[in-house]
Amino acid sequence: MTTMTATDVQSARPGLRVGTTSEFTLFFRVRPGHGEAIRQALQDLQNSDGYRPGDYRIPIAVIHEARFALFDDDTRLLFATSFDGSWDAYMLDFASKPLQLFAAIFEHVEGYEGLPDLAAVKNFILDAQVTAAAYARNYPGTVKQLRKATALEEAFQRVLDDPGAEGALQNPVLQPLLDQAADA
Amino acid sequence: MTTAPTIPGDAGQAIALDVDDIQAGALSERPSPYVGRYLLLRVDDPRHGRELVRRLAAVAAIGPDTPGSAADAWTTVAFTYRGLEKLGVPPASLAGFAPEFREGMAARAQELGDVGESSPEHWEEPLGSPDVHVAISVLAPDAARLGAVAERARAASDDLGGVEVIWRQDCYQLPSGRTSFGFKDGIGQPDVEGSGRPLRNPTEEPIKAGEFVLGYPDETGSLPPMPSPDVLGRNGTYLVFRKLHTRVAAYRRFLRERAADRAEEELLGAKMVGRWPSGAPLAVAPDGDDPGLGADPARNNAFRYGDDRRGLKCPAGAHSRRANPRDALEHEMSVDTRLHRMIRRGTSYGPPLPAGVLDDDDQDRGIIFVFAGTHLDRQFEFVKTQWLNDGVFIGTPEEKDPLVGGSDGHGTFTIPHRPIRRRLTEKPPFVVTRGGDYLFAPGLRAMRWIADLDT
Ligand code: HEM
């Protein structure tokens, strides 16, 4: 990847984009007195299906990773993630499904009134969103592509573990795989 | 998203649509087969323009399924933003229309992928120009009846010197219902809550009426944004009108070159579309066409993709599956497909390319794509930009819709297949945009309100 393909996405829309993927960075104010409760809510999220370390199964399939950081004595919350697609196009979809999954967290931040309608969601998010001043990625591709690549790597390792692999990979059709095999 | 319980057998009575105020052509299914005509008009004198609107309101009020009506054709009347401006709709009202509508389709070209050969500078005159103010479509079961009604519609402007017909396009549907590439079209339509029409897809709840008609709650539970005063917006809908030229010979040659035999040609074509020529969905009939299924409205739209995530039956990249992934993305939690649906009222134009012909005959043929919905942004533009022109959502960012996604001649299309997937490369473009616009089709009271303006 040469330069970021963020160029035309900049104009009025928040969030930088690199290739297929956009950064999404939100800063919230924790409701006074809710510091402990929000820490607990985040702990609960961490312990839920898909979010436990090693699960690698965040229910929202387009998210590369998600980070919640409390700071300033638990009076502020940073939510930072990278996701595939265009935030602008998907905003309403996010409002309809994924954001609801975080309701237990967001209810401890200012400005959250249960997101009754789109206007409320838009305001809630746009008030919190800060466009990154710099954003870089170390691999191209979508979550879907990476999952596929991981599955392929596992399959390839199983092939290489087979004593017959060396012979099988001699077929000229498999040359590109053989080229990878020495240190795969 | 909560949906009201469905009343089995019809599209729900949860809310009553004011069908008498909605233009007859907007929600009704058309006759099949049909012939039709599109007219575009320029308004030079606002008073004549408003008189035209008054006369057209009477024509648009009745369709063949209007009780007691002797009408034998559907007439739909719509306006561009500039048209409404020209007719004297006050600025405060104009400001309440959707931003995309106000900009017009030509201004959205970059966004929509109307670039290169499809860019507005190559569009057919006067499509996309500021001269287009009023659009009329007339559909009838046969040429004689069309002629009579179209004549009446045209006559409505005859003695009005300040209004001129500037474009005319005839269209038709073959008895087979097939469009130029050879596929039956117009099958995949949403069931609309409260429309009283029979349910076609029992696997999903009907879509809220407010997704297609202004003045009713939509899938978000809110009313879609609409202009004021209320009478202007209520029972109206936005239309997208696009003349899409199809390169049928190039399409046939591409299949001929890639396929071993005729049966494989048909298979590759079906994989690109997601349905067989008869309309039978690959999701239900993966191995071969099933004309009985294709022709049966009770079955040809009653399916999902959930048991075929890998796309072995219907590729994730197939046109129909991209344009409406149904439940295919449900497990991903990031998309609510109910927010991205559309009513389609497309028609064919131009002579069919005779069977077996592989050389281009320079004839203009294709479809007049017509969309109806209340959210140009998250319906038409979303589907076109995120799902047809882009492949990020299915994990193939480099791949576009095989029919309409645009192509620089190096497009690819992947067909999942056991044991080895098939990939078609060097796919040329098959569809070129000849022009179009965003329109607003008001309710009948709104048309009379426009006719009565005195500005
Ligand atoms: C020349 C251009 C096009 C051709 C030849 C074409 C052809 C077809 C065909 C053959 C089908 C399957 C039959 C059916 O379900 O009705 C279909 C479905 C569909 N198309 Fe297109 N189409 C074109 C352009 C477009 C565009 C520009 C859009 C949207 C922006 C679109 C949206 C859809 C949708 C929503 C469906 C129904 C999917 C479903 O509900 O299963 N099409 N089209």
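Chains as they are written, first to last, in my numbering: chain A, 12 to 195; chain B, 12 to 466. Glycine included, C-beta positions come from ideal geometry on N, C-alpha and C.
8 Å Cβ cutoff, residue i in contact with chain B
i, result
"residue 153 of chain A", "yes"
"residue 150 of chain A", "no"
"residue 31 of chain A", "yes"
"residue 192 of chain A", "no"
"residue 183 of chain A", "no"
"residue 26 of chain A", "no"
"residue 70 of chain A", "yes"
"residue 73 of chain A", "yes"
"residue 156 of chain A", "yes"
"residue 187 of chain A", "no"
"residue 146 of chain A", "no"
"residue 14 of chain A", "In this predicted model, residue 14 of chain A has a pLDDT of only 34, less than 50, meaning its place in the structure is not dependable; the value taken from the coordinates is given anyway. No, its Cβ sits nowhere closer than 8 Å to a Cβ of chain B."
"residue 101 of chain A", "yes"
"residue 263 of chain A", "An answer regarding residue 263 of chain A cannot be provided, because it is not within the stretch 12 to 195 covered by chain A."
"residue 97 of chain A", "yes"
"residue 20 of chain A", "Bear in mind that the predicted position of residue 20 of chain A carries a pLDDT of just 36, short of 50, making it too unreliable to give a figure here."
"residue 104 of chain A", "yes"
"residue 165 of chain A", "no"
Any C-beta of chain A under 8 Å from that of residue i
i, result
"residue 347 of chain B", "yes"
"residue 389 of chain B", "yes"
"residue 322 of chain B", "no"
"residue 38 of chain B", "no"
"residue 13 of chain B", "Below a pLDDT of 50, predicted positions are generally treated as unreliable, and residue 13 of chain B, at 34, falls in that range; the measurement from the model is reported next regardless. Output row for residue 13 of chain B: interface = no."
"residue 404 of chain B", "yes"
"residue 393 of chain B", "yes"
"residue 408 of chain B", "yes"
"residue 136 of chain B", "no"
"residue 343 of chain B", "yes"
"residue 396 of chain B", "yes"
"residue 350 of chain B", "yes"
"residue 26 of chain B", "no"
Residues bridged to residue i (per DSSP)
i, result
"residue 76 of chain A", "A:93"
"residue 382 of chain B", "B:251, B:355"
"residue 159 of chain A", "Residue 159 of chain A is not bridged to any residue."
"residue 292 of chain B", "B:286"
"residue 182 of chain B", "B:47"
"residue 122 of chain B", "BP columns for residue 122 of chain B are empty, so no partner."
"residue 447 of chain B", "B:253"
"residue 85 of chain B", "B:150"
"residue 140 of chain A", "A:37"
Please determine if the region 319-331 of chain B and the region 221-229 of chain B are in contact, where contact requires at least 3 C-beta pairs separated by less than 8 Å. no
When Cβ atoms are compared, which residues of the region 48-68 of chain B fall closer than 7 Å to chain A? none
Three Cβ pairs or more, each shorter than 8 Å: is that satisfied between the region 30-50 of chain A and the region 66-86 of chain A? yes
Quick one, which residues of the region 216-248 of chain B are near chain A if we go by CB-CB under 7 Å, in chain order? 231, 232, 233
Is it the case that the region 111-124 of chain B contacts the region 149-167 of chain B, given that we only count it when at least three CB pairs across the two stretches are under 8 Å? no
Count the CB pairs spanning the region 58-71 of chain A and the region 132-151 of chain A that are closer than 8 Å, and state whether there are at least three. no
Contact set between the region 123-139 of chain A and chain B, restricted to residues whose Cβ is under 7 Å from the partner: 128, 129
Do the region 387-404 of chain B and the region 122-131 of chain B meet, that is, are 3 or more Cβ pairs less than 8 Å apart? yes
Whether or not the region 152-163 of chain B and the region 369-389 of chain B are in contact is what I'm after, with contact meaning three or more pairs of Cβ atoms, one per stretch, closer than 8 Å; do they touch? no
The region 430-463 of chain B: which residues have C-beta closer than 8 Å to a C-beta of chain A, in chain order? none
Spell out a yes or no on whether the region 330-342 of chain B and the region 273-285 of chain B are touching, meaning 3 or more CB-CB pairs, one atom from each, closer than 8 Å. yes
On the three-pair Cβ rule with 8 Å, is the region 396-416 of chain B touching the region 359-378 of chain B? no
Contact between the region 51-65 of chain B and the region 265-280 of chain B is defined here as three or more beta-carbon pairs at a separation below 8 Å; is this criterion met? no
Segment contact flag, the region 89-101 of chain B with the region 208-216 of chain B, C-beta cutoff 8 Å, min 3 pairs: no
Any 3 or more C-beta pairs closer than 8 Å across the region 426-444 of chain B and the region 119-127 of chain A: no
Sufficient close CB pairs (3 or more, under 8 Å) joining the region 182-193 of chain A to the region 40-56 of chain B: no
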